[in-house]
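Counting in my numbering, the sequence shown runs from 116 upward without gaps.
Idealized CB from N, CA, C, for every residue including glycine.
All remarks here apply to the structure that follows.
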Amino acid sequence: SPRLCFLIWLTSSTPFFVATWEEYHTGCLYLGAFNGPTDGVLILAASQLLSAAVEDYGAFWGAEALPGLVEGLSRRSLA
Numbered sequence: 116s117p118r119l120c121f122l123i124w125l126t127s128s129t130p131f132f133v134a135t136w137e138e139y140h141t142g143c144l145y146l147g148a149f150n151g152p153t154d155g156v157l158i159l160a161a162s163q164l165l166s167a168a169v170e171d172y173g174a175f176w177g178a179e180a181l182p183g184l185v186e187g188l189s190r191r192s193l194a
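Pasting the structure below:
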C-alpha cells in the first residue's frame, strides 16, 4: 500500500536527515559504531538484493515471519 511504502521510506530516511542536519549546525558529523545513516542504507540495500533474489517478492515479504507467534501471543493473558 502507498501508506506502508511511505512509512518504510520515512523510517529509513529520517536518521540520515537528522545526522545531516546535526552536521550542518555543529560542523561535526559524529557516527558511532551503530548509526542510522550507514546502517539504514545497508539494511535497505540488503532488502532490495533479497527482493531481487526471490522469485515472487510480493509473496516473500507478505509471508508470516514466525508462524504461530501472533496466535501464541494473543492467547496469553496480560492480567
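Quick check on residue i: does DSSP put it in helix, strand or coil?
i, result
"Ala194", "The pLDDT assigned to Ala194 is 47, lower than 50, so where the model puts this residue is not dependable; a value taken from the coordinates is nonetheless given after this. Reduced to three states, the DSSP call for Ala194 is coil."
"Ala148", "coil"
"Gly155", "helix"
"Glu138", "helix"
"Pro117", "helix"
"Leu274", "For residue 274 there is no data in the structure shown, the boundaries of the chain being 116 and 194."
"Val133", "helix"
Is the beta carbon of residue j closer than 8 Å to that of residue i?
i, j, result
"Leu159", "Ser127", "yes"
On the premise that residue j lies in contact with residue i, defined as a C-beta separation below 8 Å, what is that separation, rounded to the nearest angstrom?
i, j, result
"Leu231", "Thr153", "Outside the shown range of the chain, which is 116 to 194, sits residue 231, and nothing can be said about it."
"Gly155", "Pro130", "5 Å"
Taking 7 Å as the cut-off, is the CB of residue i close to at least one heavy atom of the ligand GDP?
i, result
"Gly173", "The ligand GDP is not part of this structure, which contains no ligands at all."
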